[in-house]
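Novice: The structure's right below; bear with me while I get my questions together.
2 protein chains.
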Amino acid sequence: MVQEYSGSGDPAKSLELLWGIQAKPTRGPKPALTVGRIVTAALRIADAEGLAAMSIRRVADELGVGAMTLYRYVPGKGELIDVMLDTVYRELPLREVDGDWRAKLDEVARESREMYLKHPWLLQVAVSRPPLGPGVMAKYEYELSAVEGIGLTDVEMDAAVALVNGYVHGAVRSAVEAAQVIRSSGITDKEWWEAHEPLLDKIGDTKKFPLASRVGTTVGQEFDAPYDSSHAFEFGLARVLDGIAALLKDR
Amino acid sequence: MVQEYSGSGDPAKSLELLWGIQAKPTRGPKPALTVGRIVTAALRIADAEGLAAMSIRRVADELGVGAMTLYRYVPGKGELIDVMLDTVYRELPLREVDGDWRAKLDEVARESREMYLKHPWLLQVAVSRPPLGPGVMAKYEYELSAVEGIGLTDVEMDAAVALVNGYVHGAVRSAVEAAQVIRSSGITDKEWWEAHEPLLDKIGDTKKFPLASRVGTTVGQEFDAPYDSSHAFEFGLARVLDGIAALLKDR
DNA sequence: CCTCACTGAGTACGCTGTACGAAGTAACTG
DNA sequence: CAGTTACTTCGTACAGCGTACTCAGTGAGG
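Residue numbers (the numbering used here), protein chains in the order written: chain A, 1 to 251; chain B, 252 to 502.
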């Protein structure tokens with residue numbers, strides 16, 4: 001399936017939605033729903049069953065209303081995802097950390113990681129032009145504050161933050177998807193490699209691709225061992241932060 | 252939309268498909284198609300119109316056959332994407348670079364970037380358990396060869412390669428998506444920010460989120476300027492490689 | 001009380017992946 | 001040679017999707 005695009009609708013409508021600026025109607029019957037209730041239901045489904053299960057009809061069922069009713073509150077599915085995303089962002093702790101930029105960026109990465117683990121469907125949402133809701137803005141502000149005043153230009157600050165975010169996104173995605181594949185197929189990585197070793201051998205795997213088969217086997221075994229998956233995360237994060245540190249040292 | 256998952260079908264069937272191991276039938280009419288022709292057509296559609304446009308019916312139309320005909324050659328859409336992916340990987344130059352690990356990893360990143368720019372739909376394919384076709388294996392082997400023998404453990408080698416790949420994936424995705432949004436909406440980042448400045452001001456943007464609005468504005472202007480988009484890529488890549496360099500230095 | 005903005009939701013359209021089964025083709029067997 | 005049988009193509013169908021359109025019912029303002 002293709003990625004779900006956030007912000008595919010009218011940006012102005014999205015912003016109104018995100019900031020809760022809606023001219024309240026005076027006439028007519030009281031609305032039975034609120035955007036908040038819809039978002040809560042949608043989040044519950046997405047958290048539990050993934051983004052694919054979160055269809056408009058499904059959310060409507062959950063709320064005991066007709067499918068088309070949701071369109072009275074939300075312009076479309078894209079905008080609903082926008083609000084879901086901003087809502088999740090708004091619930092981040094954004095803890096203030098005493099220490100240097102490195103300690104702060106570390107916390108930024110850690111909070112993002114927790115968020116993705118809690119809401120794995122976020123990994124499937126493409127945030128090209130992020131919905132500038134209060135949650136997204138607050139998160140961005142928090143991230144930038146970690147690298148403010150350490151000698152980077154504005155563009156570099158954005159790039160550094162993007163670098164960390166990109167790393168976390170990629171790292172968590174690998175881990176989550178590996179876990180999901182194991183859960184859905186009931187086959188661990190090791191078992192999978194072992195099952196296909198005969199075929200791969202016949203192809204000439206170990207001869208043509210000596211490094212790939214050596215490293216692949218090692219990594220596969222490592223991953224299946226009762227293994228603290230945050231090890232790999234820490235390793236990569238340290239490298240990313242080292243890279244930023246090296247840049248600062250040059251100045 | 253949700254991400255398209257590769258390799259959702261029977262792994263054994265996928266492998267047979269990827270390596271072209273198919274027991275040829277003797278009886279019955281000659282097949283009108285080949286897997287190769289199907290993949291070529293699918294790639295043409297995906298490259299030109301994105302992964303969302305690449306439906307089974309669309310590919311079948313392109314080939315002038317009924318939709319269900321494709322299922323005689325390919326178990327399902329997931330496996331088709333597997334083969335598409337491996338095919339693209341197989342076309343990578345994988346240039347041998349004279350120089351140290353850094354020069355080699357640089358080339359690895361550059362080739363990946365070119366690949367993503369040429370086949371943007373790859374950014375939407377989730378490669379959790381990569382289809383171990385010849386292309387994927389060759390690429391992995393090539394990547395590992397860049398960091399072989401420089402003092403990393405097998406697991407670290409894999410992590411280093413994953414780090415670079417993850418960075419490239421994230422960086423190119425941001426750039427491509429930004430460009431796609433501009434093309435589809437006809438609005439540049441700058442125009443978008445300017446259009447919503449009044450609303451954001453009313454909300455108290457600049458007061459509540461001083462860093463975000465300052466940096467956001469700067470970055471927006473920078474991006475719209477006739478700007479070599481590889482600048483940002485180079486910056487981030489340099490940071491990633493610096494990080495790996497720092498690890499090697501500690502040893 | 002009437003008006004009319006507003007809400008809820010049934011129906012329908014075009015799209016998706018793919019299971020099933022019927023019909024046609026060509027090579028092997030008797 | 002005919003008969004069998006493996007194999008191909010593909011029309012039909014099903015369950016699901018997002019959402020446009022339409023219309024009946026509601027309830028506050030004039």
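Beta carbons are placed, not taken as given, at the ideal position from N, Cα and C, and that holds for glycine.
Between which two residues does the alpha helix (DSSP H) holding A/G36 run?
Specialist: In the first sequence, residue 36 of chain A corresponds to position 36, counting from 1. Start and end: 35 to 49.
Novice: Does the segment 73 to 92 of chain A come close enough to the segment 158 to 176 of chain A that 3 or more CB-CB pairs lie under 8 Å?
Specialist: Taking 8 Å as the limit for Cβ pairs, the verdict is that the segment 73 to 92 of chain A does not touch the segment 158 to 176 of chain A.
Novice: Taking only beta-carbon positions, decide if A/L80 is within less than 8 Å of chain B.
Specialist: Here residue 80 of chain A is taken as the residue at index 80 of the first sequence, counted from 1. Not closer than 8 Å to any Cβ of chain B, the Cβ of A/L80 fails to qualify, so no.
Novice: How many Å lie between A/D61 and B/G471 at the Cα?
Specialist: Position 61 of the first sequence, counted from the first residue, corresponds to residue 61 of chain A. Position 220 of the second sequence, counted from the first residue, corresponds to residue 471 of chain B. The alpha-carbon atoms of A/D61 and B/G471 are separated by roughly 41 Å.
Novice: Among A/D47, A/M68, A/R27, A/A109, which residue has its Cα nearest to the Cα of A/R239?
Specialist: Position 239 of the first sequence, counted from the first residue, corresponds to residue 239 of chain A. Ranking the options by Cα distance to A/R239, first place goes to A/A109.
Novice: Are there 16 or more other CB atoms within 10 angstroms of the CB of B/D333, so buried, or fewer, so exposed?
Specialist: Here residue 333 of chain B corresponds to residue number 82 of the second sequence, with the count starting at 1. The residue is buried, with at least 16 neighbouring Cβ atoms inside 10 Å.
Novice: Have a look at A/T153 and A/A146 and give me their C-alpha separation to the nearest angstrom.
Specialist: Reading the first sequence from its first residue, position 153 is the one you call residue 153 of chain A. Reading the first sequence from its first residue, position 146 is the one you call residue 146 of chain A. Going from the Cα of A/T153 to the Cα of A/A146 covers about 13 Å.
Novice: Tell me, please, whether the CB atom of B/A297 is closer than 8 Å to any CB atom in chain A?
Specialist: For this step, residue 297 of chain B is matched to residue 46 along the second sequence. For B/A297, the answer is no, since every Cβ of chain A falls outside 8 Å of its Cβ.
Novice: Any Cβ of chain A within less than 8 Å of the Cβ of B/R490?
Specialist: Here the question's residue 490 of chain B lines up with position 239 in the second sequence. Output row for B/R490: interface = yes.
Novice: Got a sec: is the Cβ-Cβ distance from A/R214 to anything in chain B below 8 Å?
Specialist: As a working note, residue 214 of chain A is residue 214 in the first sequence. Chain B contact via Cβ: present.
Novice: Quick check on this structure: which residue in B/A429, B/V406, B/L383 has the alpha carbon closest to the alpha carbon of B/L368?
Specialist: Counting from 1 along the second sequence, the entry for residue 368 of chain B is found at position 117. Closest option to B/L368, Cα to Cα, is B/A429.
Novice: Classify B/D357: buried if its beta carbon has 16 or more other beta carbons within 10 angstroms, exposed otherwise.
Specialist: By one-based count along the second sequence, residue 357 of chain B stands at place 106. Counting Cβ neighbours within 10 Å, B/D357 comes out buried, since at least 16 surround it.
Novice: Should B/L395 and A/A212 be called a contact, given that it needs their Cβ atoms to be closer than 8 Å?
Specialist: Here residue 395 of chain B is taken as the residue at index 144 of the second sequence, counted from 1. Here residue 212 of chain A is taken as the residue at index 212 of the first sequence, counted from 1. Cβ atoms of B/L395 and A/A212: closer than 8 Å.
Novice: Quick check on the DSSP output: the alpha helix (DSSP H) that includes A/M84 runs from which residue to which?
Specialist: As a working mapping, residue 84 of chain A is identified with position 84 in the first sequence. Segment 77 to 90, the alpha helix (DSSP H) holding A/M84.
Novice: Does DSSP put A/D201 in a helix, in a strand, or in coil?
Specialist: Within the first sequence, numbered from 1, the residue matching residue 201 of chain A stands at position 201. DSSP places A/D201 in helix when its eight states are reduced to three.
Novice: Skipping 5 residues on each side, what residues in its chain have a beta carbon closer than 6 Å to that of B/V310?
Specialist: One-based indexing of the second sequence puts residue 310 of chain B at position 59. Around B/V310: A292, A293.
Novice: Taking C-beta to C-beta, are A/A53 and A/I45 nearer than 8 Å?
Specialist: Here residue 53 of chain A is taken as the residue at index 53 of the first sequence, counted from 1. Here residue 45 of chain A is taken as the residue at index 45 of the first sequence, counted from 1. Against a cut-off of 8 Å, the Cβ pair of A/I45 and A/A53 comes out as a contact.
Novice: Please identify the residue among A/P131, A/T26, A/T206, A/K104 whose C-alpha is closest to the C-alpha of A/E79.
Specialist: On the first sequence, position 79 is the one that residue 79 of chain A refers to. Selected option, being the one with the closest Cα: A/P131.
Novice: Figure out for me which residue from B/P371, B/A389, B/E473 has the closest Cα to the Cα of B/A513.
Specialist: Because chain B spans 252 through 502 in this model, residue 513 of chain B falls outside it and cannot be assessed.
Novice: Just to confirm the assignment, what range does the alpha helix (DSSP H) spanning A/V59 have?
Specialist: Looking up residue 59 of chain A in the first sequence gives position 59. It spans 56 to 63 - the alpha helix (DSSP H) in which A/V59 sits, taken as one unbroken run.
Novice: How would you call B/Q273, buried or exposed, if buried means at least 16 neighbouring beta carbons within 10 angstroms?
Specialist: Residue numbering aside, residue 273 of chain B sits at position 22 when the second sequence is read from its first letter. Exposed: under 16 other Cβ atoms inside 10 Å.
Novice: Between B/E399 and B/A389, what straight-line distance do the alpha-carbon atoms span, to the nearest angstrom?
Specialist: Residue 399 of chain B sits at position 148 when you count from the first residue of the second sequence. Residue 389 of chain B sits at position 138 when you count from the first residue of the second sequence. Roughly 15 Å between the two C-alpha positions.
Novice: Note the first and the last residue of the continuous alpha helix (DSSP H) segment covering B/V387.
Specialist: Taking the first residue of the second sequence as 1, we reach residue 387 of chain B at position 136. 385 to 398 is the extent of the alpha helix (DSSP H) around B/V387.
Novice: Considering only C-alpha positions, which residue in the set A/E16, A/E222, A/G216 is nearest to B/Y391?
Specialist: Here residue 391 of chain B is taken as the residue at index 140 of the second sequence, counted from 1. Of the candidates A/E16, A/E222, A/G216, the one whose C-alpha sits nearest the C-alpha of B/Y391 is A/G216.
Novice: Short check: CB of B/E362 to CB of B/P344, under 8 Å?
Specialist: Residue mapping note: residue 362 of chain B aligns to position 111 of the second sequence, counting from 1. Residue mapping note: residue 344 of chain B aligns to position 93 of the second sequence, counting from 1. Yes. Within cutoff.
Novice: Judging by CA-CA distance, which residue of B/R288, B/R353, B/V406, B/S306 is the nearest neighbour of B/Y324?
Specialist: Counted from its first residue, the second sequence places residue 324 of chain B at position 73. B/Y324 has its Cα closest to that of B/R288, out of B/R288, B/R353, B/V406, B/S306.
Novice: Could you give the distance in angstroms between the alpha-carbon of A/G66 and the alpha-carbon of A/K13?
Specialist: Position 66 of the first sequence holds residue 66 of chain A. Position 13 of the first sequence holds residue 13 of chain A. For A/G66 and A/K13, the distance between alpha carbons rounds to 22 Å.
Novice: In the DSSP assignment, find the unbroken alpha helix (DSSP H) run with B/F460 in it and report its ends.
Specialist: In the second sequence, counting from the first residue as 1, residue 460 of chain B sits at position 209. B/F460 -> no alpha helix (DSSP H), and no H or E assigned at all.
Novice: B/K328: which of B/A496, B/V376, B/I307 sits nearest, CA to CA?
Specialist: The sequence position of residue 328 of chain B within the second sequence is 77, counting from 1. The residue with the shortest Cα to Cα distance from B/K328 is B/I307.
Novice: Are the beta-carbon atoms belonging to B/A496 and A/G166 less than 8 Å from one another?
Specialist: For the purposes of this step, residue 496 of chain B is taken as the residue at position 245 of the second sequence. For the purposes of this step, residue 166 of chain A is taken as the residue at position 166 of the first sequence. Against a cut-off of 8 Å, the Cβ pair of A/G166 and B/A496 comes out as no contact.
Novice: So is B/V470 in contact with chain A if we call contact Cβ pairs under 8 Å?
Specialist: Residue numbering aside, residue 470 of chain B sits at position 219 when the second sequence is read from its first letter. B/V470 counts as touching chain A.
Novice: Considering A/D250, what are the terminal residues of the alpha helix (DSSP H) in which it resides?
Specialist: As a working note, residue 250 of chain A is residue 250 in the first sequence. From DSSP, the alpha helix (DSSP H) with A/D250 extends over 230 to 250.
Novice: Look at A/S123 and A/R173 and say whether their C-beta atoms are less than 8 Å apart.
Specialist: Residue mapping note: residue 123 of chain A aligns to position 123 of the first sequence, counting from 1. Residue mapping note: residue 173 of chain A aligns to position 173 of the first sequence, counting from 1. The amino acid at residue 123 of chain A is misidentified as Ser; the sequence shows Leu. In contact: A/L123 and A/R173 (Cβ atoms closer than 8 Å).
Novice: My understanding is that B/M335 touches B/V290, with C-beta atoms under 8 Å, so please give their C-beta distance in whole angstroms.
Specialist: Translated into the one-based positions of the second sequence, residue 335 of chain B becomes position 84. Translated into the one-based positions of the second sequence, residue 290 of chain B becomes position 39. Yes, B/M335 and B/V290 are in contact; Cβ-Cβ is about 6 Å, under 8 Å.
Novice: Do A/L237 and A/I150 have their C-beta atoms within less than 8 Å of each other?
Specialist: Looking up residue 237 of chain A in the first sequence gives position 237. Looking up residue 150 of chain A in the first sequence gives position 150. Their beta carbons are not under 8 Å apart, which means A/L237 does not touch A/I150 by this criterion.
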